[in-house]
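Peer 1: Starting off with a structure, shown below.
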Amino acid sequence: MTLESLPGSSGYLDLFPERRMSYFSNPYVLGLTVIAGIGGLLFGYDTGVISGALLYIKDDFEIVRQSSFLQETIVSMALVGAMIGAASGGWINDAYGRKKATLLADVVFTAGAIVMAAAPDPYVLILGRLLVGLGVGTASVTAPVYIAEASPSEVRGGLVSTNVLMITGGQFLSYLVNLAFTQVRGTWRWMLGVSAVPAVIQFFLMLCLPESPRWLFMKVRVVLRGNIFVDSVYSFNEPPHHIVQNEKDKAIAVLSKIYDIARLEDEVDHLSAALEEEQQRKHTVRYLDVFRTKEIRLAFLAGAGLQAFQQFTGINTVMYYSPTIVQMAGFNSNQLALLLSLIVAAMNAGGTVVGIYLIDHFGRKKLALSSLSGVIVSLVILAGAFFAETPGSSNGIYGWLAVIGLALYIAFFAPGMGPVPWTVNSEIYPEQYRGICGGMSATVNWISNLIVAQTFLTIAEALGTGVTFLILAGIALLAVVFVIVYVPETKGLTFVEVERIWKERAWGSSYNTESLLEHGNEST
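Per our numbering, residue 30 is the first one in the sequence shown, and the count goes up by one each step.
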């Protein structure tokens with residue numbers, strides 16, 4: 030089978046254009062994407078809700094009001110849990126499947142939400158934050174991979190980006206919830222506890238969804254090697270070929286709901302051929318194998334680098350500083366600051382909708398570069414506004430210039446550097462490495478998030494806000510160079526085609542990579 034004839038590749042779809050799928054053409058795939066994306070909603074809600082809840086937590090617990098350390102711990106403990114959840118979530122995904130990993134994340138998140146809502150003291154609240162973080166971290170790894178493995182390649186970027194839309198939507202929802210419960214008794218308990226509702230909904234909906242078809246084929250590979258999973262429903266005495274056939278039948282049943290009969294046959298043949306190739310490869314994958322295998326090391330560098338640059342280009346710091354920026358324009362009302370938070374979150378979500386369309390039409394690499402270029406200009410505008418701002422000019426042009434810089438930043442970041450890192454990480458790793466590498470790169474994202482959160486204010490106080498935004502602009506410039514050098518275009522390519530790109534980069538083998546890249550860039 031040639032590269033151009035691989036199902037889902039740009040060459041294949043040029044030969045059979047009637048088999049090309051659009052974002053809305055299959056309600057089953059779209060429904061699966063939305064249900065899996067509830068994990069992204071939990072992700073976004075948890076990161077957004079704590080800022081409003083903390084104001085009321087300080088009112089209830091005097092020890093928290095008097096201790097900035099406890100305040101920081103309450104906020105950051107979820108990040109610590111997310112790092113642990115993301116690091117372990119990759120292994121859980123590969124060992125037990127994407128579906129069970131999602132169910133586990135829902136159970137842990139729900140437990141954390143209940144603990145937070147019922148916390149009698151700040152220390153129990155911190156425990157709840159840790160549990161919620163564990164659930165969010167696992168979900169942040171699982172949802173993109175599950176969606177990507179069930180998506181046709183020509184719409185994979187848009188469908189995975191839907192998970193990012195759910196993240197930004199969750200942030201917007203958290204601001205609405207904060208506003209809704211401000212006059213309710215037990216304010217912060219409702220704000221934190223209500224997050225259990227979408228987790229419970231996702232749990233029961235996921236029970237009705239299938240396992241990822243590609244993971245089922247990966248399970249066949251493991252069974253054929255004699256390493257039957259410990260969670261298997263089969264007896265260890267049952268002949269392996271019975272298990273193999275059963276798992277293949279499950280995978281084909283899922284694929285039949287995604288593709289029409291003609292393309293289904295090609296997809297099954299393709300996965301079966303990939304299975305035979307996988308049988309020739311080595312043992313069960315371990316974490317160190319990511320760094321020992323050159324092509325995997327290159328893929329992980331690209332994926333983890335994108336995740337790090339997503340945080341280090343300052344999205345969370347810019348959003349954090351938004352009330353200050355509006356105050357520079359002469360608006361000092363706290364209610365207006367809350368309204369601004371809603372507007373910024375809405376812009377972020379709206380930009381992600383634009384990204385869902387562009388990522389499969391414009392391409393991942395071009396979208397990231399365009400996004401970063403706009404981010405650099407926006408950060409320079411913000412820096413200039415803060416440099417020029419003086420105490421007597423809070424109602425002047427510089428305040429409005431800062432507001433324009435903020436709006437431009439969100440407008441450029443949200444469609445590109447928001448969804449691209451998650452989409453690329455869901456598709457650049459071979460099947461047997463996808464869970465582990467996805468978990469490791471998500472961990473890089475959470476660690477970077479924590480570093481930025483803990484250092485931004487210190488740097489701003491030491492060097493000045495204008496200089497700090499210039500530093501972020503310099504990092505964004507480095508990100509442009511990084512994307513040009515290390516990140517390939519994966520638009521419209523199958524998982525096998527992407528894997529061959531890394532082999533070409535690592536070993537210089539004749540895998541016809543240049544034609545692959547041309548097809549990926551030319552298809553629309």
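Ideal placement from N, C-alpha and C gives every residue a C-beta, glycine not left out.
Express the C-alpha separation of alanine 375 and leucine 205 in angstroms, rounding to a whole number.
Peer 2: As a first step, residue 205 must be located in the sequence shown, where it is residue number 176. As a first step, residue 375 must be located in the sequence shown, where it is residue number 346. Cα to Cα, leucine 205 sits roughly 11 Å from alanine 375.
Peer 1: Just confirm the distance between the C-beta atoms of isoleucine 230 and isoleucine 67, as a whole number of angstroms; I'd bet it's less than 8 Å.
Peer 2: As a position in the sequence shown, residue 230 is number 201, starting the count at 1. As a position in the sequence shown, residue 67 is number 38, starting the count at 1. Going by Cβ atoms, the distance from isoleucine 230 to isoleucine 67 rounds to 7 Å, so yes, they are a contact pair.
Peer 1: Report the CB separation of leucine 132 from methionine 235 in whole angstroms; it is logged as a contact under 8 Å.
Peer 2: Within the sequence shown, numbered from 1, the residue matching residue 132 stands at position 103. Within the sequence shown, numbered from 1, the residue matching residue 235 stands at position 206. Going by Cβ atoms, the distance from leucine 132 to methionine 235 rounds to 6 Å, so yes, they are a contact pair.
Peer 1: DSSP three-state call for arginine 127: helix, strand or coil?
Peer 2: Translated into positions along the sequence shown, residue 127 becomes position 98. Here arginine 127 sits in helix by DSSP.
Peer 1: Throw me the rounded Cβ distance for the leucine 245 and tyrosine 74 pair, which I believe falls under 8 Å.
Peer 2: Here the question's residue 245 lines up with position 216 in the sequence shown. Here the question's residue 74 lines up with position 45 in the sequence shown. With a Cβ gap of about 31 Å, leucine 245 and tyrosine 74 do not count as contacting.
Peer 1: Can you give the Cα-Cα distance for isoleucine 433 and alanine 440, rounded to whole angstroms?
Peer 2: Here residue 433 refers to the residue found at position 404 when the sequence shown is read from its first residue. Here residue 440 refers to the residue found at position 411 when the sequence shown is read from its first residue. When the Cα atoms are used, isoleucine 433 and alanine 440 turn out to be separated by approximately 10 Å.
Peer 1: Ends of the alpha helix (DSSP H) at asparagine 25?
Peer 2: The structure shown does not extend to residue 25, since the chain spans only 30 to 553, so no value can be given for it.
Peer 1: Can you tell me where the alpha helix (DSSP H) with glutamine 212 in it begins and where it stops?
Peer 2: Locating residue 212 in the sequence shown gives position 183, where the first residue counts as 1. That residue, glutamine 212, is in no alpha helix (DSSP H); it is neither H nor E in DSSP.
Peer 1: Helix, strand or coil, according to DSSP, for aspartate 289 in the structure here?
Peer 2: By one-based count along the sequence shown, residue 289 stands at place 260. The answer is coil: DSSP assigns aspartate 289 none of H, G, I, E or B.
Peer 1: Within the continuous alpha helix (DSSP H) that includes threonine 452, where are the two ends?
Peer 2: Position 423 of the sequence shown, counted from the first residue, corresponds to residue 452. That run of the alpha helix (DSSP H) goes 449 to 454.
Peer 1: Going by Cα to Cα distance, which pick from Val314, Gly222, Leu70, Leu84 is closest to glycine 199?
Peer 2: By 1-based counting over the sequence shown, the position of residue 199 is 170. Of the candidates Val314, Gly222, Leu70, Leu84, the one whose C-alpha sits nearest the C-alpha of glycine 199 is Leu70.
Peer 1: In terms of residues, what are the limits of the alpha helix (DSSP H) holding methionine 446?
Peer 2: Taking the first residue of the sequence shown as 1, we reach residue 446 at position 417. Segment: none, methionine 446 is in no alpha helix (DSSP H) and carries neither H nor E.
Peer 1: Sort Leu300, Thr487, Ala147, Val165 by Cα distance to valine 137 and report the nearest one.
Peer 2: In the sequence shown, counting from the first residue as 1, residue 137 sits at position 108. Valine 137 has its Cα closest to that of Val165, out of Leu300, Thr487, Ala147, Val165.
Peer 1: Measure the C-alpha to C-alpha separation of isoleucine 325 and valine 319 and round it to an integer number of angstroms.
Peer 2: The residue you call residue 325 lines up with position 296 of the sequence shown. The residue you call residue 319 lines up with position 290 of the sequence shown. Roughly 6 Å between the two C-alpha positions.
Peer 1: Could you pull out every residue in the same chain whose Cβ sits closer than 8 Å to the Cβ of leucine 238, ignoring the five residues on either side in sequence?
Peer 2: The residue labelled residue 238 in the question sits at position 209 within the sequence shown. Answer for leucine 238: Leu61, Ile64, Ala65, Lys128, listed in chain order.
Peer 1: Would alanine 412 pass as a contact of glycine 495 if the rule is Cβ separation under 8 Å?
Peer 2: Along the sequence shown, one-based indexing puts residue 412 at 383. Along the sequence shown, one-based indexing puts residue 495 at 466. In this structure, glycine 495 lies closer than 8 Å to alanine 412 by Cβ.
Peer 1: For a quick check, are the C-beta atoms of alanine 228 and threonine 171 less than 8 Å apart?
Peer 2: One-based indexing of the sequence shown puts residue 228 at position 199. One-based indexing of the sequence shown puts residue 171 at position 142. It is not a contact, given that the beta carbons lie outside the stated cut-off.
Peer 1: At a threshold of 7 Å, does arginine 127 count as lining the ligand HEM (C-beta to nearest heavy atom)?
Peer 2: As presented, the structure is devoid of all ligands, the ligand HEM included, so that no description of it is given.
Peer 1: Pick out the complete alpha helix (DSSP H) segments inside the segment 138 to 192, 4 residues or longer, and give them in chain order.
Peer 2: 151 to 178
Peer 1: On the DSSP letters alone, give me the boundaries of the alpha helix (DSSP H) that leucine 61 sits inside.
Peer 2: In the sequence shown, counting from the first residue as 1, residue 61 sits at position 32. Element bounds for leucine 61: 56 to 65.
Peer 1: Is it the case that the segment 514 to 528 contacts the segment 451 to 458, given that we only count it when at least three CB pairs across the two stretches are under 8 Å?
Peer 2: yes
Peer 1: Span of the alpha helix (DSSP H) holding proline 46?
Peer 2: Translated into the one-based positions of the sequence shown, residue 46 becomes position 17. That residue, proline 46, is in no alpha helix (DSSP H); it is neither H nor E in DSSP.
Peer 1: Could you tell me the alpha carbon to alpha carbon distance between isoleucine 99 and glycine 493, rounded to whole angstroms?
Peer 2: For the purposes of this step, residue 99 is taken as residue 70 along the sequence shown, with counting starting at 1. For the purposes of this step, residue 493 is taken as residue 464 along the sequence shown, with counting starting at 1. First, the amino acid is wrong: residue 99 is leucine here, not isoleucine. If you draw a straight line from the Cα of leucine 99 to the Cα of glycine 493, it is about 26 Å long.
Peer 1: Let me check understanding here. Comparing Cα to Cα, which of Thr487, Leu330, Arg48, Leu501 lies closest to valine 184?
Peer 2: Mapped onto the sequence shown, residue 184 falls at position 155. The shortest C-alpha separation from valine 184 is found at Arg48.
Peer 1: Where does phenylalanine 391 sit, in a helix, a strand or coil, going by DSSP?
Peer 2: Translated into the one-based positions of the sequence shown, residue 391 becomes position 362. Of the three classes helix, strand and coil, the one that applies to phenylalanine 391 here is coil, per DSSP.
Peer 1: Can you give the Cα-Cα distance for phenylalanine 338 and glycine 118, rounded to whole angstroms?
Peer 2: Here the question's residue 338 lines up with position 309 in the sequence shown. Here the question's residue 118 lines up with position 89 in the sequence shown. C-alpha separation (whole angstroms): 22 Å.
Peer 1: The alpha helix (DSSP H) that contains arginine 534, what's its start and end?
Peer 2: In the sequence shown, counting from the first residue as 1, residue 534 sits at position 505. Start and end: 524 to 536.
Peer 1: What do you get for glutamine 336, buried or exposed, if any count of 16 or more other CB atoms within 10 angstroms of its CB means buried?
Peer 2: Taking the first residue of the sequence shown as position 1, residue 336 is located at position 307. Of the other Cβ atoms in all chains shown, 16 or more fall within 10 Å of the Cβ of glutamine 336; this residue is therefore buried.
Peer 1: So what does DSSP say about leucine 132, is it helix, strand or coil?
Peer 2: Position 103 of the sequence shown, counted from the start, is the residue given in the question as residue 132. Helix at leucine 132.
Peer 1: Assuming leucine 163 and valine 144 are in contact, meaning their beta carbons sit under 8 Å apart, how far apart are those beta carbons, in whole angstroms?
Peer 2: Sequence index remark: in the sequence shown, residue 163 carries index 134 (1-based). Sequence index remark: in the sequence shown, residue 144 carries index 115 (1-based). 12 Å between Cβ atoms; not a contact.
Peer 1: Look up tyrosine 74 in the DSSP assignment and say whether it is helix, strand or coil.
Peer 2: Working through the sequence shown from its first residue, we reach residue 74 at position 45. DSSP places tyrosine 74 in helix when its eight states are reduced to three.
Peer 1: May I ask which residues mark the beginning and end of the alpha helix (DSSP H) holding arginine 94?
Peer 2: Counted from its first residue, the sequence shown places residue 94 at position 65. In the DSSP assignment, arginine 94 falls within the alpha helix (DSSP H) that extends over 91 to 95.
Peer 1: Compare the Cα-Cα distances from glycine 428 to each of Thr197, Phe415, Ala436, Tyr438 and report the closest residue.
Peer 2: Residue 428 sits at position 399 when you count from the first residue of the sequence shown. Closest by alpha carbon: Phe415.
Peer 1: Could you tell me which of Val58, Tyr52, Ser54, Pro151 sits nearest to glutamate 91, measuring between CA atoms?
Peer 2: Residue numbering aside, residue 91 sits at position 62 when the sequence shown is read from its first letter. Among Val58, Tyr52, Ser54, Pro151, the Cα nearest to that of glutamate 91 belongs to Pro151.
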